[in-house]
Amino acid sequence: MEIKNIRVSNLDGAIRGMRNPLGSHDLSASSWEYQESVIFRSFKIGDNDLKLARSLIKAGSDHRKFMRQIFISFDLSMPEYWWKQYNTYKVATVENSTSQMHTLGKRLLEKEDFCLDEDYPEFETLLSSINSIISEWQISKSKKAWRRLIQIMPQSFVYLKTCTITYETLLNMSVSRKNHKLKEWDWFLDNLIPQCPFFSKLVE
């Protein structure tokens, strides 16, 4: 499992739009702060904006629309069985995945290509069978070999996907998936949330 290239965007636009309903932009104290040079800058949410944001979040999803305008993108490598649950969050999410159709079968696989808690003796046999089919596919390019390959692949196979979600989606995930029986959820949340500016302060 790996998560990298985390980027958060449109914090300033979301906070600005948050004040549109009551036209209270004059109360905003959020701003961009330049650090050391004009090349690097960080966004700081002012106390008044933080207070308003928290109250809107607690009021429910109809009131915290600004959370849907804060975007997070990241590269994530996770096993297929976890991606199936992630796909529950199809609203306000986008993903570009490694193509099974184009990449699976290009090389023989190793244990590191799978998410396993321990060394299972039976997995060695399965991996050997998978690589045997891959070798056959590489030589013959037959549809039969390809179908055998995708049908025998276990759910522990790790896929890389570049994802985009919103703070609203992350909030829903943190509430409904925390301490889930799939430990990958806690790993995902524990590694993503600290890299999302102000998220923990907004939802505390």
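For the record, in the sequence shown the residue sitting at position 51 is 53 according to this note's numbering, with numbers rising by one throughout. Using N, Cα and C, we set each Cβ at its ideal position, and we do this for glycine too.
Item                                                                                                           : Value
Complete runs of the alpha helix (DSSP H) confined to the stretch 39 to 103 [at least 4 residues]              : 49 to 61, 82 to 88
When Asn181, Thr171, Phe190 are compared against Ile59, the one with the closest alpha-carbon                  : Thr171
Range covered by the beta strand (DSSP E) that runs through Glu4                                               : 4 to 11
Straight-line Cα distance separating Phe190 from Arg21                                                         : 32 Å
As assigned by DSSP and simplified to three states, the class of Tyr161                                        : strand
Distance, Cys117 Cα to Gln154 Cα                                                                               : Residue 154 is actually Ile in this sequence, not Gln. Roughly 16 Å separates the two Cα atoms.
Rounded Cβ spacing between Tyr161 and Phe201 (contact assumed at less than 8 Å)                                : Between Phe201 and Tyr161 the Cβ distance is about 25 Å, and since that is not below 8 Å, they are no contact.
Three-way DSSP call (helix, strand, coil) for Glu206 in this model                                             : coil
Under the three-state DSSP convention, the category Ser33 falls into                                           : strand
Own chain partners of Gly48 with C-beta closer than 8 Å, once the 5 adjacent residues on each side are dropped : Ser30, Ala31, Ser32, Ser33
For Pro23 and Ser79, the rounded distance between their alpha carbons                                          : 40 Å
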